[in-house]
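Protein chains in written order, with our numbering: chain A, 372 to 515; chain B, 372 to 515.
Protein chains: 2
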Amino acid sequence: MNAPISSPVSSPALTKNQNLVFDVLTRAEAPMSAYTILDKLRDHGFRAPLQVYRALDKLTEFGMVHRLESLNAFVACAHRESECCGAGHGHGTVAFAICESCGHVSEFHDHQVDHRLSDWAKSKGFKPAKTTIEIRGLCEACAA
Amino acid sequence: MNAPISSPVSSPALTKNQNLVFDVLTRAEAPMSAYTILDKLRDHGFRAPLQVYRALDKLTEFGMVHRLESLNAFVACAHRESECCGAGHGHGTVAFAICESCGHVSEFHDHQVDHRLSDWAKSKGFKPAKTTIEIRGLCEACAA
DNA sequence: ATGGCACACGTTATAGCATAACGCAATTGA
DNA sequence: TCAATTGCGTTATGCTATAACGTGTGCCAT
Numbered sequence: 372m373n374a375p376i377s378s379p380v381s382s383p384a385l386t387k388n389q390n391l392v393f394d395v396l397t398r399a400e401a402p403m404s405a406y407t408i409l410d411k412l413r414d415h416g417f418r419a420p421l422q423v424y425r426a427l428d429k430l431t432e433f434g435m436v437h438r439l440e441s442l443n444a445f446v447a448c449a450h451r452e453s454e455c456c457g458a459g460h461g462h463g464t465v466a467f468a469i470c471e472s473c474g475h476v477s478e479f480h481d482h483q484v485d486h487r488l489s490d491w492a493k494s495k496g497f498k499p500a501k502t503t504i505e506i507r508g509l510c511e512a513c514a515a
Numbered sequence: 372m373n374a375p376i377s378s379p380v381s382s383p384a385l386t387k388n389q390n391l392v393f394d395v396l397t398r399a400e401a402p403m404s405a406y407t408i409l410d411k412l413r414d415h416g417f418r419a420p421l422q423v424y425r426a427l428d429k430l431t432e433f434g435m436v437h438r439l440e441s442l443n444a445f446v447a448c449a450h451r452e453s454e455c456c457g458a459g460h461g462h463g464t465v466a467f468a469i470c471e472s473c474g475h476v477s478e479f480h481d482h483q484v485d486h487r488l489s490d491w492a493k494s495k496g497f498k499p500a501k502t503t504i505e506i507r508g509l510c511e512a513c514a515a
């Protein structure tokens with residue numbers, strides 16, 4: 372009795388660890404590092420970073436979690452249910468606006484940006500695998 | 372005799388350490404991590420990571436070096452002389468295409484992408500400070 | 001049923017990336 | 001001349017991520 376468990380709330384059938392990590396991220400107001408997640412889950416039996424990283428790898432693969440490269444941290448995907456996490460659909464690249472003051476992250480998507488970038492790639496014969504777009508700055512509230 | 376030295380080849384007057392780091396990056400075919408740079412410069416008296424990081428911070432500030440967030444590594448700016456490194460001009464955000472096979476990096480710029488992103492920011496009251504765009508995938512040669 | 005496979009898990013150890021905190025030396029300019 | 005600034009060097013430390021090992025479980029083709 373170790374493998375996937377009928378998930379109470381999440382999309383694909385997640386394992387116990389995956390559910391725990393996803394729940395922590397979903398509740399968070401800001402991105403969390405793997406080690407911060409680890410600390411939050413010590414009460415639930417987590418002892419080592421790998422337990423977190425393995426869950427994060429899967430959740431990222433499922434599209435339920437995004438990694439913020441410029442922060443070395445993770446957020447739950449903001450596109451609820453139907454839009455984002457469906458298996459094979461992929462609505463393209465997601466962009467993030469990260470407030471350096473309050474830590475809040477806005478996730479958005481822009482087809483034009485997507486097209487421009489993939490046009491560039493096509494023109495150069497470059498085959499994109501994963502695209503990162505992160506804007507760091509101050510959110511409206513913090514810029515005031 | 373410790374401060375800036377008339378630089379033999381570079382743009383602003385760089386210090387000795389800044390020149391050494393910049394030269395190593397300029398000669399490199401692919402991005403380098405701070406520790407790789409450190410190893411290359413042991414012969415020149417470098418002993419500690421901070422010596423590298425401090426030089427990288429300045430070079431980045433000057434616009435002569437870019438940090439690749441998804442790689443935790445650094446590259447010399449590909450825009451030669453006039454275009455990129457001039458003090459106050461800033462031609463906007465730069466994007467990178469990073470080959471995961473050979474490590475080669477292409478630096479480019481797209482006004483439309485820039486505009487799209489800053490329009491989004493404006494509409495949300497978000498004040499951008501620094502924008503990261505990195506496409507990882509396979510370059511033409513490696514995709515063949 | 002059983003042997004092989006794929007996968008999640010747990011643990012220990014280690015690798016790789018980045019900065020804090022101290023003090024010294026040189027430069028600048030009121 | 002004195003204070004402020006900047007670069008430098010050193011030691012120590014902290015944060016991020018993965019390697020390598022072994023265990024247990026479910027699946028399913030033979």
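No residue lacks a Cβ here, since even glycine has one placed at the ideal position from N, Cα and C.
Item: Sheet register partners of glutamate 440 of chain B (DSSP bridge); Value: The partner list for glutamate 440 of chain B (beta bridge, DSSP) is empty, contrary to what the question assumes.
Item: Amino acids of chain B, ordered along the chain, whose beta-carbon sits closer than 8 Å to that of glutamate 440 of chain A; Value: Glu440, Ser441, Thr503, Glu505
Item: Phenylalanine 417 of chain B versus tyrosine 424 of chain B: straight-line alpha-carbon distance, rounded; Value: 11 Å
Item: Delimiting residues of the beta strand (DSSP E) encompassing cysteine 470 of chain A; Value: 466–470
Item: Where alanine 510 of chain B meets chain A, residues with beta-carbon distance less than 7 Å; Value: According to the sequence shown, residue 510 of chain B is cysteine rather than alanine. Those are Phe497, listed as they occur along chain A.
Item: Glutamate 440 of chain B beta carbon less than 8 Å from that of threonine 502 of chain B; Value: no
Item: For lysine 411 of chain B and alanine 419 of chain B, the rounded distance between their alpha carbons; Value: 12 Å
Item: Given 8 Å, three or more beta-carbon pairs between the region 465–473 of chain A and the region 473–483 of chain B; Value: no
Item: Chain B residues whose Cβ lies nearer than 9 Å to that of phenylalanine 445 of chain A; Value: Near phenylalanine 445 of chain A there are no residues of chain B at all, since even the closest Cβ is about 14 Å away, more than 9 Å.
Item: 8 Å Cβ cutoff, leucine 488 of chain A in contact with chain B; Value: yes
Item: Alpha-carbon spacing of arginine 507 of chain B relative to lysine 387 of chain A, whole angstroms; Value: 31 Å
Item: Proximity below 8 Å, CB of threonine 397 of chain B to CB of alanine 449 of chain B; Value: no
Item: Residues that methionine 403 of chain B bridges to, as DSSP identifies them; Value: B:Phe445
Item: Neighbour flag for valine 465 of chain B against chain A, beta carbons, 8 Å; Value: no
Item: Buried versus exposed call for aspartate 414 of chain A [16 or more other C-beta atoms within 10 Å across all chains shown]; Value: exposed
Item: Proximity of glutamate 511 of chain A and lysine 495 of chain B at Cβ, strictly below 8 Å; Value: yes
Item: Length of the line joining the Cα atoms of alanine 426 of chain B and leucine 385 of chain A; Value: 45 Å
Item: Cα-Cα separation, cysteine 473 of chain A to glutamine 389 of chain B; Value: 33 Å
Item: Valine 484 of chain A beta carbon less than 8 Å from that of leucine 518 of chain B; Value: Residue 518 of chain B lies beyond the range of chain B shown here (372 to 515); nothing can be said about it.
Item: Boundaries (first-last residue) of the alpha helix (DSSP H) holding alanine 492 of chain A; Value: 482–495
Item: Among A:Ile408, A:Phe393, A:Gly434, A:Leu442, the one whose alpha carbon lies nearest that of threonine 464 of chain A; Value: A:Gly434
Item: Beta carbon of lysine 430 of chain A nearer than 8 Å to that of phenylalanine 393 of chain A; Value: Lysine is not the amino acid found at residue 430 of chain A; the sequence shown has leucine there. Yes, Cβ-Cβ distance for leucine 430 of chain A and phenylalanine 393 of chain A is below 8 Å.
Item: Near-chain A residues of the region 465–480 of chain B - C-beta to any C-beta below 8 Å; Value: Ala466, Ala468, Cys470, Glu471, Ser477, Phe479
Item: Beta-carbon proximity of alanine 401 of chain A to valine 476 of chain A, cut-off 8 Å; Value: yes
Item: Continuous alpha helix (DSSP H) stretch holding alanine 426 of chain A: start and end; Value: 420–432
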